[in-house]
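Residue numbers (my numbering): 6 to 221.
Positions of the beta carbon are idealized from the N, C-alpha and C atoms, including for glycine.
Quantities reported herein were computed from a predicted structural model and do not represent experimental measurements.
Working notes, structure below.
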Amino acid sequence: VKIGIVGGTGRIGEGMAMRLSRIHDVLIGSRDEEKARCTCEICLKEASERGIPCRVTWVSNQEAVDGSEVIILAIPYKHLDATMSVLHGFEGKIVISPINPMEKKEFFIYVPPAEGSAALYLRTLLPGSARLCVAFNNIAGNRWRDIDKELEYSVAVCGDDAESKQIVMDMIDQISLMKSYDAGPLSISPAIEGLTPLLNNIGKCNRMKDVGVKFV
Ligand SMILES: NC(=O)c1ccc[n+]([C@@H]2O[C@H](COP(=O)([O-])OP(=O)(O)OC[C@H]3O[C@@H](n4cnc5c(N)ncnc54)[C@H](OP(=O)(O)O)[C@@H]3O)[C@@H](O)[C@H]2O)c1
């Protein structure tokens with residue numbers, strides 16, 4: 006699968022690129038191609054030191070959309086409008102949202118838009134033919150980036166298109182020890198996104214780092 010990461014230079018973007026590029030062709034997108042080039046070089050260096058494959062290319066965010074079948078929007082919720090307003094060409098593509106609209110005050114709180122979740126809002130910005138799935142919301146960037154460690158997590162995936170959801174789930178099941186779980190339609194996305202501030206609060210209150218979930 007050709008995967009484009011919009012915001013591929015960020016905290017989860019870089020680690021995702023490192024993990025996914027072992028198996029897939031990954032386009033690391035950025036508003037600034039020079040920044041994407043630096044991220045590519047880091048990925049290539051870390052991979053070559055370990056003798057593992059790494060198929061990454063640096064591109065603009067628009068090229069990441071144009072050149073991929075699956076697009077991961079690895080950008081903060083507060084920059085979603087600005088990012089989507091300058092991108093086009095999502096027709097027929099699989100779009101993955103790991104976006105969690107949340108704030109940190111004394112504790113982490115879920116702050117969804119009026120639509121109910123970041124994904125339900127994103128749905129209104131995408132063309133009808135784009136196939137939106139929610140995934141990867143509950144795995145910390147540090148864990149993605151810590152490439153010598155396995156990622157033994159469950160990944161809840163939701164979306165309204167069964168075929169694209171299966172493609173995303175198959176993709177997830179190829180990453181380390183991750184296991185995907187079908188969580189139902191896009192309307193369940195508030196629960197998946199809202200789990201992250203819960204995990205973060207559990208981490209904060211119990212002095213745990215980068216708490217994740219495993220469904221058993
Ligand atoms: N971090 C985590 O542990 C984690 C875990 C699960 C889910 N998530 C979700 O994943 C998404 C990305 O999180 P992150 O922590 O990786 O974010 P981040 O590192 O803060 O930002 C990701 C990328 O967004 C782009 N960006 C930054 N400011 C921007 C602006 N003003 N306008 C447009 N683009 C801008 C940047 O790319 P360029 O400068 O290269 O364009 C940046 O590298 C978020 O929605 C978050 O809720 C994060």
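Same chain, Cβ closer than 7 Å to PHE220, five either side skipped, listed in chain order:
SER159, TYR186
Less than 7 Å separating the Cβ of ALA135 from some heavy atom of ligand 1?
no
With DSSP as the reference, label ASP86 as helix, strand or coil.
helix
Whole-angstrom C-beta distance between CYS48 and SER73, which should lie under 8 Å
At roughly 16 Å, the Cβ-Cβ gap does not stay under 8 Å, so SER73 and CYS48 are not in contact.
Taking 7 Å as the cut-off, is the beta-carbon of GLY9 closer than that to any non-hydrogen atom of ligand 1?
no
Just checking, does the stretch 33-50 make contact with the stretch 61-71 on the three C-beta pairs under 8 Å criterion?
yes
Cut-off 6 Å between Cβ atoms - residues of its own chain near ALA145, not counting five sequence neighbours on either side:
ASP215
Please say whether GLY189 and LEU204 have beta carbons closer to each other than 8 Å?
no
Between the alpha carbons of PRO81 and LEU125, how many angstroms are there, rounded?
15 Å
Should ARG60 be listed as close to ligand 1, given that the test is whether its C-beta is under 7 Å from any heavy atom?
no
Please report how far the alpha carbon of ALA196 lies from the alpha carbon of CYS163, in whole angstroms.
10 Å
Is ALA145 near ligand 1, judged by its Cβ being under 7 Å from some heavy atom?
yes
Could you please give the first and the last residue of the uninterrupted alpha helix (DSSP H) stretch that includes SER53?
38-55
Distance, ILE114 Cα to SER102 Cα:
19 Å
Could you give the distance in angstroms between the alpha-carbon of GLU96 and the alpha-carbon of SER134?
5 Å
Please classify HIS93: is it buried, with 16 or more other beta-carbons within 10 angstroms of its beta-carbon, or exposed?
exposed
Quick one, which of VAL100, GLY15, CYS43 has its alpha-carbon nearest GLU168's?
VAL100
Can you tell me which of the three DSSP states LEU191 falls into?
helix
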